[in-house]
Amino acid sequence: MIYDGDKVLVQQKVDDDYSDITFPGGHVEKGESFTDAIIREVFEETGLTISSPVLCGIKDWTNEDGSRYMVLCYKTSRFTGQLASSDEGEVSWLTLEQMKHARLAEGMETMLDLFLHDDLSEYFFYQEDGRWNEVLK
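This is how it looks when you write it as structure tokens:
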């Protein structure tokens, strides 16, 4: 999450299957550190160069095949550059109040708590009786 005062940077994804609001981010490339990956992904998707990203939690789940998937959540208020949308989606600044009324991607409202509360560090999904459950710890 990139924030500037009371506003956070969001991205409206441009994908036929996924067009809700989320945070910029992406995947780690071979031989790349997690920190370098988030700096690169944010630049590619927003035009901003961030610095001093702080790891503030993880979002994770176990897939049906037993493999584990983890998303590392970083936040920072340090950035330079001009905001520019990309092929990934349109980027803009929203206040937390505006986010309450926006069409957020599934789980974004809960994930926002992970970014905003220092006593939380994990957003975990698990299946039980064929149903997905979520826990914020």
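Using this note's numbering, read the sequence shown as starting at 812 and increasing by one per residue.
From the three backbone atoms N, C-alpha and C, an ideal C-beta is built for every residue, glycine too.
From a predicted model like this one, the values you see are computed outputs, not experimental measurements.
query, result
"Rounded to whole angstroms, what's the CA-CA distance from Glu908 to Ser888? Just pull it up for me.", "18 Å"
"Rounded to the nearest angstrom, what separates Ser862 and Asp940 at their Cα positions?", "43 Å"
"Quick check: the stretch 829-844 against the stretch 866-874, are there 3 or more CB pairs under 8 Å?", "no"
"Counting C-beta neighbours from all protein chains within 10 Å, is the total for Phe890 16 or more, i.e. buried, or is it exposed?", "buried"
"Using only the alpha-carbon positions, how far apart do Gln938 and Asp871 sit?", "12 Å"
"Return the bridge partner residues of Ser897 from the DSSP annotation.", "Gly900"
"Quick test of your reading: Leu931 and Lys948, contact by CB under 8 Å. State the CB separation rounded to the nearest angstrom.", "7 Å"
"Among Met812, Asp815 and Gln822, which has the Cα closest to the Cα of Ser896?", "Gln822"
"Once you ignore the five residues that flank Phe825 on each side, which residues in its own chain have a CB closer than 6 Å to its CB?", "A small fix is needed here, since residue 825 is Val in this sequence, not Phe. Taken in chain order, the residues that qualify are Gly900."
"According to DSSP, simplified to helix, strand and coil, what is Arg851?", "helix"
"Alpha carbons only, please: which of Lys818, Met812 and Pro835 is nearest the one belonging to Asp898?", "Pro835"
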